[in-house]
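*Asks:* Each residue of the sequence shown is one higher than the one before, counting from 37 in this note's numbering.
My structure is below; once you've seen it, I'll send some questions.
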Amino acid sequence: MRITRAVVPSLFTVLNIFSGFRSIIHTSQGDYVLAAWFILLAAIFDMLDGIMARITKSSSDFGVELDSLSDVVSFGAAPSFLAYSVYLRSLEGWGMLISAMPMIFGALRLARFNVQLIGYDKDFFRGLPIPAMAVTVASYVLQFVDETNRMPQLAEFLFPVTLVILSLLMVSTIKYDTVPKFSKRGIKQHPLRFTVGIVGLTAIVVTRGDALFAFFVFFTATGPIRYIIQYMYHAAHPSHKDAMEKGREITSIDI
Numbered sequence: 037m038r039i040t041r042a043v044v045p046s047l048f049t050v051l052n053i054f055s056g057f058r059s060i061i062h063t064s065q066g067d068y069v070l071a072a073w074f075i076l077l078a079a080i081f082d083m084l085d086g087i088m089a090r091i092t093k094s095s096s097d098f099g100v101e102l103d104s105l106s107d108v109v110s111f112g113a114a115p116s117f118l119a120y121s122v123y124l125r126s127l128e129g130w131g132m133l134i135s136a137m138p139m140i141f142g143a144l145r146l147a148r149f150n151v152q153l154i155g156y157d158k159d160f161f162r163g164l165p166i167p168a169m170a171v172t173v174a175s176y177v178l179q180f181v182d183e184t185n186r187m188p189q190l191a192e193f194l195f196p197v198t199l200v201i202l203s204l205l206m207v208s209t210i211k212y213d214t215v216p217k218f219s220k221r222g223i224k225q226h227p228l229r230f231t232v233g234i235v236g237l238t239a240i241v242v243t244r245g246d247a248l249f250a251f252f253v254f255f256t257a258t259g260p261i262r263y264i265i266q267y268m269y270h271a272a273h274p275s276h277k278d279a280m281e282k283g284r285e286i287t288s289i290d291i
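If you want it as structure tokens, here you go:
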């Protein structure tokens with residue numbers, strides 16, 4: 037059997053799906069905090085498999101499909117089961133429906149991504165990426181679930197609302213920035229993204245993870261805020277709309 041360099045990013049993808057499986061196990065055992073941490077660990081492996089694919093120049097259709105399958109487990113099934121177990125099961129039928137939305141809408145988003153993918157480099161996503169949704173859910177649990185596996189009353193009320201909003205954002209056409217390449221050219225092209233990322237990472241480290249939820253709420257909000265600003269601008273300057281859209285579509289990705 038011939039081992040190629042494509043094995044390296046696929047190994048991180050396997051670790052991603054294994055972390056998602058571990059999250060499901062810990063959720064079934066009532067250890068919601070540890071389950072949330074395994075979702076975060078899966079997100080780290082998901083980021084690393086993309087980095088390793090670029091370093092080894094081994095991006096492939098197989099890697100894209102394997103990554104999507106693992107994402108359905110780690111960022112779809114795992115956070116949905118966590119959300120249902122930690123609170124939404126108390127809402128019975130409605131709770132089951134709402135908790136299934138991240139998994140179902142996440143699968144739809146991944147399917148849309150795969151059928152419209154042309155090339156492997158992209159400057160933006162259309163719709164909230166499923167890992168960002170899952171990390172937001174996991175950080176919500178870490179932020180508000182206490183030692184007795186309960187959340188404050190306000191957090192319980194907002195939890196299903198948050199899940200519905202995140203799910204709808206995934207299948208929307210709202211643009212979200214990708215993480216730029218960590219290179220001199222990438223920093224020069226997207227200085228604001230690097231600045232925000234560094235500030236956010238520093239805040240997360242300094243607060244020992246307490247700022248994680250706030251950072252991903254901020255990231256999630258950037259899409260709708262930018263959409264509203266652009267909509268108002270286009271309404272005031274309709275002649276500029278086509279030119280701006282053409283200028284922003286700098287890659288072949290339209291997802």
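C-beta atoms are modelled at their ideal positions from N, C-alpha and C, and glycine is treated no differently.
A quick note: this is a predicted structure, and the numbers were derived from the prediction, not measured.
1. Any idea if F251 is buried or exposed, counting beta-carbon neighbours within 10 angstroms, 16 or more meaning buried?
2. Can you tell me the Cα-Cα spacing of T92 and D107, whole angstroms?
3. Which first and last residues belong to the beta strand (DSSP E) in which R58 is found?
4. Alpha carbons only, please: which of M137, D103, F255 is nearest the one belonging to V43?
5. How is D213 classed by DSSP in three states: helix, strand or coil?
6. Give the range of the alpha helix (DSSP H) segment to which R145 is assigned.
7. What residue from R162, A113, G66, V151 has the CA that sits closest to F57's CA?
8. Are F193 and M187 closer than 7 angstroms when you measure CB to CB?
9. Looking at the structure shown, is R125 part of a helix, part of a strand, or coil, going by DSSP?
10. Relative to the alpha-carbon of L77, which residue among V171, S208, D213 has its alpha-carbon at the smallest distance?
11. With distances taken Cα to Cα, identify the nearest neighbour of L164 among L178, P138, D182, A174.
*Replies:* So, from the data block:
1. If you number the sequence shown from 1, residue 251 lands on position 215. Answer is buried; the Cβ neighbour count reaches 16.
2. The residue you call residue 92 lines up with position 56 of the sequence shown. The residue you call residue 107 lines up with position 71 of the sequence shown. Approximately 22 angstroms, taken between the alpha carbons.
3. Along the sequence shown, read from residue 1 onward, the residue named residue 58 stands at position 22. From DSSP, R58 is part of no beta strand (DSSP E) but of the alpha helix (DSSP H) over 43–64.
4. Reading the sequence shown from its first residue, position 7 is the one you call residue 43. Comparing Cα positions, the closest option is D103.
5. As a working mapping, residue 213 is identified with position 177 in the sequence shown. If DSSP states are grouped into helix, strand and coil, D213 belongs with the strands.
6. Along the sequence shown, one-based indexing puts residue 145 at 109. Element bounds for R145: 128–152.
7. The residue you call residue 57 lines up with position 21 of the sequence shown. Per the Cα distances, A113.
8. Position 157 of the sequence shown, counting from 1, holds the residue named residue 193. Position 151 of the sequence shown, counting from 1, holds the residue named residue 187. No. Outside cutoff.
9. Along the sequence shown, read from residue 1 onward, the residue named residue 125 stands at position 89. The answer is helix: DSSP assigns R125 an H, G or I state.
10. The residue given as residue 77 occupies position 41 in the sequence shown. It is V171.
11. Sequence index remark: in the sequence shown, residue 164 carries index 128 (1-based). For the residues L178, P138, D182, A174, the minimum Cα distance to L164 belongs to P138.
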